[in-house]
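The block underneath contains the structure these notes are about, expressed in structure tokens.
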Amino acid sequence: MEWIDQIGVAARAIFASGLVLSSLYVLIAAGLAIVWNTLGIFNFAHGAIMVIGAYVAWTISDPAALGWGMAAGVLIAVATAAVLGLVINRLLILPFLSQPNLVLITVMTTLSGAFFLENSALLIWGPRIKQLEKVVSGNVSIAGTAISGHEATIIVLAPLLMLGLWAFLRFTWVGSAVRAVAQNREFAELSGIRARAMYAVAFAISAGLAGFAGVMLGAIRFITPGLGSEPLIKAMIVVILGGLGSIPGTVVGAYLVGFGEAASTYFLGAYWTQAALFLVFIVILVIRPNGIMGRK
Amino acid sequence: MTRKSLIICVFFAILALLPVVSDDSYIRHVSIVALLYAIVVSGWNVSLGFGGVFNFAHLAFFAIAAYATGILTKTYGFPSWMGVPIGIIAAVIASLIVCLPVLRLKGIYVILVTFGFGQLCLQFVLNQRSLTGGNFGFVQIPPLRVFGYSFRSDQAMGYYYLALVGLILTVVLINWFRSSPFGWRVAALRENEDYAVSRGIALARVRLATFAFSAIFPGAAGAIYAQYVRAASPDMFGFSFLTIALSMLLLGGVATVWGPVVGALVFAILTEVMTPLGPGRYLVTAVLIVAILRFFPKGLAGIPDGLATWRARSRKIDPAKGHGPNV
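Residue numbers (our numbering), protein chains in the order written: chain A, 3 to 298; chain B, 894 to 1220.
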């Protein structure tokens, strides 16, 4: 019964790498979805924020730079990313808020923001590739496949963070206020909620998540100024698949894309997987522009 | 002859005489690339500016034309004079393929699909290494040669005039487009889609025609570019080309005939001036785009209008004040 073994091997490999990918996509796509939900804009600088997060973590933690340890690196990277989100919100989004074609203008401004940040990273940290140390060392075995402790951390942390995010949006006053602004800005403002402050909260959370995802990614792949662009495109596919703005949909979408990518990489190879993903992406947009779980 | 057409004639005369004045190879190269950019950006202006359709696949049409020209003339031995026709046909076919899904979509979804299309093409190019050269790009494309005259001779003089003629044709075509019934339909769909459709404008047909028409320009420019630099690279699908073209369009002014032309030329000169800044010039570019969007949403093309209103206003105010300097 050799073929059963082969299926077993394939399934285990796909399961392990699919979990890692999905968890990363959850982190990245959730940030995109929060901003889309509250502000109704698509942040193309999201990937660049990840890049800055990864570089900051490297500067703080790497022995060749400051060498303050990984924990400090992660914290400061996330904080920097969140502040960066606030700056992007203030400079690239708020001035255009009253324009009728806000969505299209902010695509251009955030694209420029991404261009700015990526080239700043190139200027500050140079073209030499860097890599972060793993947040957790050692190996863990999942369903018979060994993965690094770092990857296991991502797998565990991603759902926990999503749970935390959900609880925050569901049970806290600020979380409710963010959702209120997302649902009906004018009515929320009438009830005394400061919409702009809630936009800032949404952007800070989104960027903080991006920074964290960047740190996690920077220990798996090499850090380059272009580190964020490929995951950002995947996260775009995830958000579209899940339905723009729906957080549960985004989580489902992330796991679908992650496992789909892992399976297709295993059977078709890495190159065709990318092409297949984009084809699926376009087909979904044409058939169901509102995504699998999106609302009208 | 009106003052406007005089300015236009002087403008093209200066461009036509430039090679006579200087045969510096660096200036020649920069001006050829600037002219080609002007053609590409003018074409983008048709779909994005006049049509109001946020087609982010426009630079992909340029890249597709470059690859198609390169592959067909080098690998399949088509004569080099067929480069431009090949580029145009390839770009128009690509634009029709992109336009089909776009017909049903609006707003951000149009951007995402067109953007996704560019990435799909990029992946295809990277995959088909034997056909496209993969990561390294498609190199050693045969240069343009007609009746034994190589367009590369005299510091690529031939390419310069080819690009210039291309630009003149572009301006003529787009000027025609703007005031043709076809152009009115396109503008009507931009201004109020529901009303335009209810008045009997066939959305699908007009939009397909808009895409096909706008793709002619990157098609031609892509073919000339490929034959001129003798290479097509996967970078052409990337963000930098897109951002540069976008800043040219915004700088010049959206939905005007001359905006993209002036924007492309000014921006190309600006980029060359900023070369000593290294990667810093990209930072300036990014800030420039946001600043234009924020403070001059009409771009350079808006300046004459802005000046006219300002002058009209100051004229009106002056007599009211009652005491000019000569009283």
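Virtual Cβ for every residue (Gly too), placed ideally from N, Cα, C.
Identity of the residue in B:G980, B:M1129, B:D1128 and B:G1173 nearest A1114 (chain B) by Cα
B:G980
Using a C-beta to C-beta distance shorter than 8 Å, which residues of chain A count as neighbours of F947 (chain B)?
L106 and V109
Give a yes or no on whether the C-beta atoms belonging to V1032 (chain B) and F943 (chain B) are separated by under 8 Å.
no
Quick one: grab the DSSP three-state call for A66 (chain A).
coil
Am I right that I1117 (chain B) and G1041 (chain B) are in contact with their C-beta atoms under 8 Å? What's the rounded C-beta distance?
Not quite, the Cβ-Cβ distance comes to about 19 Å (not below 8 Å), so this is no contact.
In its own chain, which residues sit with a C-beta less than 8 Å from the C-beta of A278 (chain A), not counting the 5 before and 5 after it?
When the five nearest sequence neighbours on each side are left out, the beta carbons in the same chain lying within less than 8 Å of the beta carbon of A278 (chain A) are those of S266 and L270, in order along the chain.
Alpha carbon to alpha carbon, what distance is there between S940 (chain B) and K1214 (chain B)?
Residue placement at K1214 (chain B) is flagged as unreliable, the pLDDT there being 47, under the threshold of 50; a coordinate-derived value is accordingly withheld.
Residues of chain B with CB under 7 Å from P97 (chain A), in chain order?
R1187
Pair within 8 Å by beta-carbon distance, L171 (chain A) and V183 (chain A)
no
Flag K298 (chain A) as yes if its beta-carbon sits less than 8 Å from any beta-carbon of chain B, otherwise no.
Low local confidence applies: a pLDDT of 44 at K298 (chain A) is under 50, so the model's placement there is unreliable, with the coordinate-based value given in what follows. Cβ-Cβ to chain B under 8 Å: no for K298 (chain A).
Within chain B, the residues that M238 (chain A) reaches when beta carbons sit closer than 9 Å:
L1005, F1008 and G1009
For the stretch 248 to 279 of chain A, which residues have a CB atom closer than 8 Å to at least one CB atom of chain B, in sequence order?
Y273, W274, Q276 and A277
DSSP state of S139 (chain A), grouped into three classes?
coil
Sequence-distant residues of the same chain with beta carbon closer than 6 Å to V923 (chain B), five excluded per side
E1165
In whole angstroms, what separates the C-alpha of I95 (chain A) from that of A987 (chain B)?
33 Å
So what does S1043 (chain B) bridge to, in DSSP terms?
Listed as beta-bridge partners of S1043 (chain B) by DSSP are B:R1038.
Quick one: list the residues of chain A neighbouring Y1088 (chain B), beta-carbon separation under 9 Å, in chain order.
Within chain A, no residue comes near Y1088 (chain B); the closest Cβ sits about 16 Å away, beyond 9 Å.
Which of helix, strand or coil DSSP assigns to S150 (chain A)
strand
Check the C-beta distance from L1193 (chain B) over to V1155 (chain B) and give it rounded, since I have them as a contact under 8 Å.
6 Å
Does the separation of the CB atoms of G260 (chain A) and G251 (chain A) fall below 8 Å?
no
Grouping DSSP H, G and I as helix and E and B as strand, with all else coil, what is A1213 (chain B)?
In this prediction, A1213 (chain B) has a pLDDT of 47, which is less than 50 and means its spatial position is unreliable; what the coordinates show is noted afterwards. In the structure shown, A1213 (chain B) adopts helical secondary structure according to DSSP, grouped into three states.
Within 8 Å (strictly less), CB to CB, does L21 (chain A) reach chain B?
no
My output table needs one value for I225 (chain A): the three-state DSSP class, helix, strand or coil.
strand
Identify every residue that forms a DSSP beta bridge with F1031 (chain B).
DSSP output for F1031 (chain B) lists B:A1125 as bridge partner(s).
Buried or exposed, going by whether 16 or more other CB atoms sit within 10 Å of the CB of F224 (chain A)?
exposed
Can you tell me whether K132 (chain A) is helix, strand or coil according to DSSP?
strand
To test your reading of the DSSP string, which unbroken beta strand (DSSP E) runs of 3 or more residues are found completely within the stretch 1056 to 1103 of chain B?
none
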